[in-house]
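Okay, so the sequence shown: first residue is 1 according to the UniProt record's numbering, each after it adds one. Glycine included, C-beta positions come from ideal geometry on N, C-alpha and C. Contents: one structure, followed by commentary.
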Amino acid sequence: MKNSSLPKQAETVVDGSTEEIPEAIRDLPVVTVASSRPSPRPGLFWKMLGLAVVAFCTALAINYQFGILSPKAYIPLLEPTPEPKSSTASSPSPTPSASATPSAAASPTASPSLPDNLLGHLPYEEAPAAELESITPDGSHRLRKAAAQAYQQMEQAALASGVSLVPISSFRTVKEQEGIFFEVKAQRGQVATKRAEVSAPPGYSEHHTGYAIDIGDGNMPSTNLNVSFEQTQAFQWLKDNAAFYSFELSFPKDNPQGVSYEPWHWRFVGDRQSLETFYKARKLKKS
Numbered sequence: 001m002k003n004s005s006l007p008k009q010a011e012t013v014v015d016g017s018t019e020e021i022p023e024a025i026r027d028l029p030v031v032t033v034a035s036s037r038p039s040p041r042p043g044l045f046w047k048m049l050g051l052a053v054v055a056f057c058t059a060l061a062i063n064y065q066f067g068i069l070s071p072k073a074y075i076p077l078l079e080p081t082p083e084p085k086s087s088t089a090s091s092p093s094p095t096p097s098a099s100a101t102p103s104a105a106a107s108p109t110a111s112p113s114l115p116d117n118l119l120g121h122l123p124y125e126e127a128p129a130a131e132l133e134s135i136t137p138d139g140s141h142r143l144r145k146a147a148a149q150a151y152q153q154m155e156q157a158a159l160a161s162g163v164s165l166v167p168i169s170s171f172r173t174v175k176e177q178e179g180i181f182f183e184v185k186a187q188r189g190q191v192a193t194k195r196a197e198v199s200a201p202p203g204y205s206e207h208h209t210g211y212a213i214d215i216g217d218g219n220m221p222s223t224n225l226n227v228s229f230e231q232t233q234a235f236q237w238l239k240d241n242a243a244f245y246s247f248e249l250s251f252p253k254d255n256p257q258g259v260s261y262e263p264w265h266w267r268f269v270g271d272r273q274s275l276e277t278f279y280k281a282r283k284l285k286k287s
């Protein structure tokens with residue numbers, strides 16, 4: 001065997017065309033071997049997508065809480081104002097409104113400081129005859145004992161000062177008040193409201209209590225039961241000294257009862273019973 005023929009044979013095989021390659025080998029598909037290193041592009045895409053989703057959700061949360069990114073940023077600020085109104089008007093408001101309605105309706109009745117009155121006059125009970133005491137020698141004028149004693153002391157003190165206090169009217173029964181109110185009203189042709197400005201209806205006069213008295217000036221009888229009485233020495237003395245004897249003017253100017261000014265009408269408030277009669281029972285409100 002000759003070794004010199006081997007190179008030629010190998011050369012022939014290498015330089016030969018594909019025709020010499022078996023058909024089965026030529027028909028095999030060309031397989032491209034992929035690199036074992038993963039491509040960086042898919043991972044980077046998901047990371048960027050995740051960051052975008054997080055940023056979007058964060059922006060939505062900030063916009064929902066503070067309204068920074070939304071063009072309607074002021075709308076959430078305006079919502080709290082109507083919300084309390086709707087909540088108040090929905091359930092609680094019917095209850096207060098119902099209670100407010102009667103209070104408003106009751107206020108006109110309660111607004112006058114006179115709880116129970118007739119034409120501005122308050123109801124008074126007639127004093128028992130056993131509790132009355134005369135303040136004049138003939139017994140024509142009587143007051144409750146405490147008031148009678150205080151008046152007599154006041155009259156003596158005024159007389160010592162040269163002032164003559166004269167009792168014009170003191171205790172009156174309900175029957176006597178009926179004549180004074182209704183008969184005089186008819187004689188003068190007065191309506192009830194007009195008559196009530198100067199005289200109380202029966203059952204509503206302070207004279208029923210035995211604590212009230214009409215006083216005149218013995219030196220100027222023409223001023224009796226007249227507003228001009230305030231110009232007399234008797235009135236001036238009473239104005240300065242009556243309180244020392246627990247007497248006060250019943251119907252001063254602009255009095256809460258709306259009764260005409262009566263400078264001659266005084267009442268005793270020197271003990272608990274008399275004080276409650278004219279203040280506690282009437283429940284007058286101080287202005």
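Beta-carbon separation (whole angstroms), residue i vs residue j, contact threshold 8 Å
| i | j | result |
| --- | --- | --- |
| Arg144 | Glu131 | 5 Å |
| Pro263 | Leu275 | Not a contact, Cβ separation roughly 22 Å. |
| Ile213 | Ala234 | The Cβ separation is near 13 Å, so there is no contact. |
| Ala146 | Gly270 | 6 Å |
| Val163 | Trp237 | 4 Å |
| His141 | Ser170 | 4 Å |
| Asn226 | Ile168 | That pair is no contact at about 11 Å. |
Three-state secondary structure (DSSP) of residue i
| i | result |
| --- | --- |
| His121 | strand |
| Pro263 | strand |
| Ser161 | coil |
| Ser246 | coil |
| Arg195 | helix |
| Leu238 | helix |
| Tyr151 | helix |
| Glu126 | coil |
| Ser90 | Note that Ser90 scores a pLDDT of 42, beneath 50, so its modelled location is shaky and nothing firm can be said. |
| Thr172 | One detail in the question is off: residue 172 reads as Arg in this sequence, not Thr. Coil. |
| Ala200 | coil |
| Met220 | coil |
| Gly210 | coil |
| Ser205 | coil |
Spatial distance of residue i from residue j (CA atoms)
| i | j | result |
| --- | --- | --- |
| Gly120 | Ser199 | 10 Å |
| Gln149 | Ile135 | 8 Å |
| Pro256 | Asn117 | 12 Å |
| Phe181 | Ser222 | 22 Å |
| Gln153 | Gly218 | 17 Å |
| Gly203 | Ala242 | 27 Å |
| Pro128 | Thr173 | 10 Å |
| Tyr261 | Lys280 | 22 Å |
| Thr193 | Ser246 | 31 Å |
| Ala52 | Leu44 | 12 Å |
| Tyr151 | Phe268 | 8 Å |
Sheet register partners of residue i (DSSP bridge)
| i | result |
| --- | --- |
| Pro167 | Ile215 |
| Glu133 | Leu143 |
| Phe251 | Glu262 |
| Phe268 | Phe247 |
Neighbour flag for residue i against chain C, beta carbons, 8 Å
| i | result |
| --- | --- |
| Gly179 | The displayed structure is made up of one protein chain only, and chain C is not part of it. |
Check: residue i C-beta below 7 Å from any heavy atom of the ligand MN
| i | result |
| --- | --- |
| Leu122 | Of ligands this structure carries none, so the ligand MN is not represented either. |
Candidates the options: closest to residue i by CA position
| i | options | result |
| --- | --- | --- |
| Ala157 | Ala59, Asp240, Trp46, Val227 | Asp240 |
| Thr209 | Asn224, Pro123, Arg195 | Pro123 |
| Glu197 | Phe268, Phe45, Lys253 | Lys253 |
| Lys175 | Thr193, His207, Gly189 | His207 |
| Phe251 | Phe278, Gln273, Thr232 | Phe278 |
| Gly179 | Met220, Leu159, Leu49, Pro201 | Pro201 |
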